[in-house]
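Chemist:
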Amino acid sequence: MTKQIWLNLPVKNVAKAKDFFWKIGFSFNEQHDTPSSTCMVVGENHFVVMLFEEILFSGFSQNDVTDTKLSSEVLISIDAESREEVDELAKKVQEAGGNVFAEPAESQGWMYGFGFADLDGHRWNVLFMDFSKLS
6 MTKQIWLNLP VKNVAKAKDF FWKIGFSFNE QHDTPSSTCM VVGENHFVVM
56 LFEEILFSGF SQNDVTDTKL SSEVLISIDA ESREEVDELA KKVQEAGGNV
106 FAEPAESQGW MYGFGFADLD GHRWNVLFMD FSKLS
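Using this note's numbering, read the sequence shown as starting at 6 and increasing by one per residue.
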């Protein structure tokens, strides 16, 4: 049965995408780097997000790459350990050239988060969830 899952994302420029994600705090398994791809590692469980140059990605998927200015193909959600971490990451995203499309805010009384688009327009959702406030 399946043991792992990873996400593949198309990017226009692997080096620029890697620099952006590095600046906001993500890490990479550089053993898997090629000139047209990189292996980003997310979270304690080391969830893998492969970033592939668009031409390589479209070859794998045998489909056109979505124009992220017009539509979204996925919303990637990640957790934060505190409200402060949410605010800090939002600031890092802006400083690294990303687009915060939803400013940090409380939601439903027990969640606090924000939304951003990376350099290639992929949409990310960052949430701190305070389950003690969940009723």
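Backbone N, C-alpha and C fix where the C-beta goes; we use that ideal spot for every residue, glycine too. From a predicted model like this one, the values you see are computed outputs, not experimental measurements.
Can you list, in chain order, the residues of its chain whose CB lies under 8 Å from that of Phe136, leaving out five sequence neighbours each side?
Modeler: Excluding positions up to five away in sequence, the list reads Trp115.
Chemist: Should Trp11 go down as buried or exposed, given a rule of 16 or more other Cβ atoms within 10 Å for buried?
Modeler: Exposed, since its Cβ has fewer than 16 Cβ neighbours within 10 Å.
Chemist: Return the chain-ordered list of same chain residues with a C-beta closer than 8 Å to the C-beta of Glu108, the five sequence neighbours on each side being excluded.
Modeler: So the list reads Ala95 and Phe119, once near-sequence residues are dropped.
Chemist: So, at 8 Å on beta carbons, what are the nonlocal neighbours of Val47 in its own chain, with the 5 sequence-adjacent residues on each side left out?
Modeler: Counting only Cβ-Cβ distances below 8 Å, and skipping sequence neighbours, we find Phe31, Val53, Val54 and Ile83.
Chemist: Are the beta-carbon atoms belonging to Leu80 and Val19 less than 7 Å from one another?
Modeler: Contact flag unset, no.
Chemist: Short check: CB of Thr43 to CB of Lys28, under 7 Å?
Modeler: Contact: no.
Chemist: Can you check DSSP and say which residues form a bridge with Asp84?
Modeler: DSSP output for Asp84 lists Leu132 as bridge partner(s).
Chemist: Checking 7 Å against the spacing of the C-beta atoms, do Phe121 and Arg88 come in under that value?
Modeler: Their beta carbons are not under 7 Å apart, which means Phe121 does not touch Arg88 by this criterion.
Chemist: Looking at the structure shown, is Trp11 part of a helix, part of a strand, or coil, going by DSSP?
Modeler: Strand, per DSSP.
Chemist: Beta-carbon within less than 8 Å of Glu90's beta-carbon, same chain only, minus the 5 sequence neighbours each way: which residues are those?
Modeler: Excluding sequence neighbours, Glu90 sits near Phe133.
Chemist: Can you check DSSP and say which residues form a bridge with Thr71?
Modeler: Beta-bridge pairing links Thr71 to no other residue.
Chemist: Report the rounded CA-to-CA distance for Asp38 versus Lys138, giving the unit in angstroms.
Modeler: Rounded to whole angstroms, Asp38 to Lys138 spans 42 Å at the Cα level.
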